[in-house]
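Chemist:
Protein chains in written order, with my numbering: chain G, 22 to 31; chain E, 9 to 220.
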């Protein structure tokens, strides 16, 4: 998974 | 999910409902930048097509479908049903000045050099500046209907609320997303002038008018 938390944000 | 993000998303949802309400009740899209709306379609399609391969929650998927669907519907209203009320001669911002730099930035700054991640970064960068044609148009005409300013305020509040959401997530989950945070701060910053006039004039019952 990409090291980004915002992929679960809109 | 935290309260800041939920309220932010609801504000985003509200902004689109306000815009639809404005267009439907006045039977006009006067004062709305077609270019900004077209950029939002590009933003939503580039970012939310992941709903075909990444499931997060029913809430998340439903919102994505709504944002893609409603933004396309608004374009349809502006381009076809209420076309005579759309005045391209005042919607003159050159969007290639936004698209090209965002495309270049997304090739440099992304979390993985693959099409889906580059598209994600592109959508984040593009969203941060997509409002510029609309603000530019407002600047040119110097005034706006109250309902149009409510739309813009809800849209600005949505992004502003994402900032405390990231601060909250940093302290509770220990995560930070530099791309989203940087673009989000820029995006919120673009609204500061507008917010100033909105809160000091429109909410006091005065007309939205920019100083000459």
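For glycine and all other residues, C-beta sits at the position ideal for the given N, C-alpha and C.
Assign residue 71 of chain E to buried or exposed, taking buried as 16 or more other Cβ atoms, counted over all protein chains shown, within 10 Å of its Cβ.
Modeler: Counting Cβ neighbours within 10 Å, residue 71 of chain E comes out buried, since at least 16 surround it.
Chemist: Please state if the CB of residue 141 of chain E and the CB of residue 43 of chain E are separated by a distance shorter than 9 Å.
Modeler: Yes.
Chemist: Out of E:212, E:150 and E:91, which has the shortest C-alpha to C-alpha gap to residue 220 of chain E?
Modeler: Of the candidates E:212, E:150 and E:91, the one whose C-alpha sits nearest the C-alpha of residue 220 of chain E is E:150.
Chemist: Tell me whether residue 182 of chain E is buried or exposed, calling it buried when 16 or more other Cβ atoms sit within 10 Å of its Cβ.
Modeler: Exposed: under 16 other Cβ atoms inside 10 Å.
Chemist: Note down, in chain order, each residue of its chain lying with its Cβ closer than 6 Å to the Cβ of residue 30 of chain E, except the 5 sequence neighbours on either side.
Modeler: Same-chain partners within the cutoff: 155.
Chemist: Mapping DSSP to helix, strand and coil, what is residue 130 of chain E?
Modeler: Three-state DSSP puts residue 130 of chain E in a helix.
Chemist: When DSSP labels each residue in this structure, what does residue 104 of chain E get in the three-state scheme?
Modeler: Three-state DSSP puts residue 104 of chain E in a helix.
Chemist: Taking the alpha helix (DSSP H) that residue 41 of chain E falls in, what are its first and last residues?
Modeler: It is not in any alpha helix (DSSP H) - residue 41 of chain E carries neither H nor E in the DSSP assignment.
Chemist: On a CA-only basis, which of E:107, E:165, E:170 and E:100 is nearest residue 143 of chain E? Give me that one, please.
Modeler: Closest by alpha carbon: E:100.
Chemist: From this set, E:213, E:66, E:172 and E:24, which residue's C-alpha is nearest residue 77 of chain E's C-alpha?
Modeler: Checking every option, the nearest Cα to that of residue 77 of chain E belongs to E:24.
Chemist: CB residue 185 of chain E to CB residue 27 of chain G, shorter than 9 Å?
Modeler: Contact flag set, yes.
Chemist: Is the Cβ-Cβ distance between residue 161 of chain E and residue 196 of chain E less than 9 Å?
Modeler: No, they are not a contact pair.
Chemist: Can you tell which of E:166, E:199 and E:178 has the C-alpha that lies nearest to the C-alpha of residue 12 of chain E?
Modeler: If we check each option's Cα against that of residue 12 of chain E, E:166 comes out closest.
Chemist: Quick one: list the residues of chain G neighbouring residue 13 of chain E, beta-carbon separation under 9 Å, in chain order.
Modeler: Result: 30 and 31.
Chemist: Is it buried or exposed for residue 213 of chain E, if we count other Cβ within 10 angstroms and need 16 for buried?
Modeler: So residue 213 of chain E counts as exposed.
Chemist: How should residue 194 of chain E be labelled, buried or exposed, when 16 other C-beta atoms within 10 angstroms of its C-beta is the threshold for buried?
Modeler: When all chains shown are included, residue 194 of chain E counts as exposed.
Chemist: So is residue 26 of chain E in contact with chain G if we call contact Cβ pairs under 9 Å?
Modeler: No, its Cβ sits nowhere closer than 9 Å to a Cβ of chain G.
Chemist: Confirm the yes/no value for this check: CB of residue 202 of chain E, any heavy atom of the ligand FAD, distance under 8 Å.
Modeler: For the ligand FAD, the structure offers nothing, since it holds no ligand at all.
Chemist: Checking contacts by CB at 9 Å: is residue 159 of chain E closer than that to chain G?
Modeler: It does not: the Cβ of residue 159 of chain E has no partner Cβ on chain G nearer than 9 Å.
Chemist: Is DSSP giving residue 207 of chain E helix, strand or coil here?
Modeler: Looking at residue 207 of chain E - three-state DSSP - the assignment turns out to be helix.
Chemist: Of the choices E:90, E:28, E:85 and E:129, whose alpha-carbon is the least far from that of residue 53 of chain E?
Modeler: Among E:90, E:28, E:85 and E:129, the Cα nearest to that of residue 53 of chain E is on E:129.
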